[in-house]
Amino acid sequence: MTVPPPIVVAVEGCRASIRADDPVFSRGDGVFETALVRDGVVRLLDEHLARLAESATLAGLPCPDSVDWLAAVVAAIGQWSGGEAVLRLVLGRAVDGVVAFVMVSAVPARAATARRDGVAAVTLVRPHWPLARAKSLSYAANVAALRHAELAGAGDAIFLDSTGAVLEGPRSAVVLAVRGAGGEPILVTPDAPSILPSTTQRALFAAAAARGIECVYRRVMVADLFAAQGFWLLSAITLAARVHTLDGRALADSPFAPLITELIDGRI
């Protein structure tokens, strides 16, 4: 099957091309968002635009108005005919202002595989990073973590802080399911100031709360992951990938896996 080429549209008043001397190229000085396109609709677009603006503020970047981003999104989506897609919003510092563009491309095969089969993950400590709550283009640490996971025979990684508390994945949020006193599911996600707010995790919690399911933000340790009734790595494109193996140890199937899939598909 032939993969359609990406569609790139510049935001009004900005350029999409990157020069060799642009800081976004030479230093990774920029921010971005990634969203899923289903049935021609960008899922959680308002949430992604809001987080892009927050990331731009943290990075000290002037951000085009949401109306201009939306116009570029509509133009790009209008040219795409390849089915489900990845939408990227990219904003970077340039020598003459900012580079800002929208790109639409095919969903990578790894995302569909992870949704269907789950993933193996390894844990590793993440050094302190002042822009952790910004979705930064300075992605070297995340790429290194994923490479480390691959060398360890896993498909993803989970960051821990210096105390061993669980944070997030290089490209995902962590959500675990535990049983309440009556056997009902309770959804838990790590709570720490250095975690990037996740649009997918928030959408899941909103869907769960609407069903009367308790959702909790709290400190999570690795032992909690092993003790949980299943846990998932959530991201905009993969949506929910159940972790079936952690640090080489196989995990039992989750009785709540169908519920997580139902909640996310119903919301996104």
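Residue 287 in my numbering sits at position 132 of the sequence shown; the count goes up by one each step and never skips.
Positions of the beta carbon are idealized from the N, C-alpha and C atoms, including for glycine.
- For the pair residue 401 and residue 410, the Cα-to-Cα distance works out to about 18 Å.
- Leaving aside the five residues that flank residue 358 on each side, the residues in its chain whose CB is nearer than 8 Å to its CB run, in chain order, 199, 202, 419, 422, 423.
- In the three-state DSSP reduction, residue 271 falls in the helix class (H, G or I).
- By a beta-carbon distance limit of 8 Å, residue 388 contacts residue 276. Their separation comes to about 7 Å.
- Around the C-beta of residue 306, fewer than 16 other C-beta atoms lie within 10 Å, and the residue is accordingly described as exposed.
- Taking a contact as a CB-CB distance under 8 Å, the pair residue 246 and residue 216 counts as one, their CB atoms being some 6 Å apart.
- When 166, 294, 281 are compared, the shortest CA-CA separation from residue 257 is found for 166.
- Between residue 343 and residue 168, the alpha-carbon positions lie close to 43 Å from each other.
- Of 261, 310, 291, 242, the smallest CA-CA separation from residue 278 is found for 310.
- When rounded, the separation of the alpha-carbon atoms in residue 261 and residue 301 is 21 Å.
- Pairing residue 398 with residue 386, the inter-Cα distance amounts to about 6 Å.
- The DSSP-derived three-state label of residue 391 is coil.
- Using a C-beta cut-off of 8 Å, the region 184-191 makes contact with the region 290-301, since at least three inter-stretch Cβ pairs fall below that distance.
- Bounds of the beta strand (DSSP E) holding residue 260 are 252-261.
- Residue 246: member of the beta strand (DSSP E) spanning 240-249, first to last residue.
- Around the beta carbon of residue 160, a 10 Å sphere encloses fewer than 16 other beta carbons of the protein chains shown; the residue is thus reported as exposed.
- In the assembly as shown, residue 267 is an exposed residue. Its beta-carbon has fewer than 16 other beta-carbons within 10 Å.
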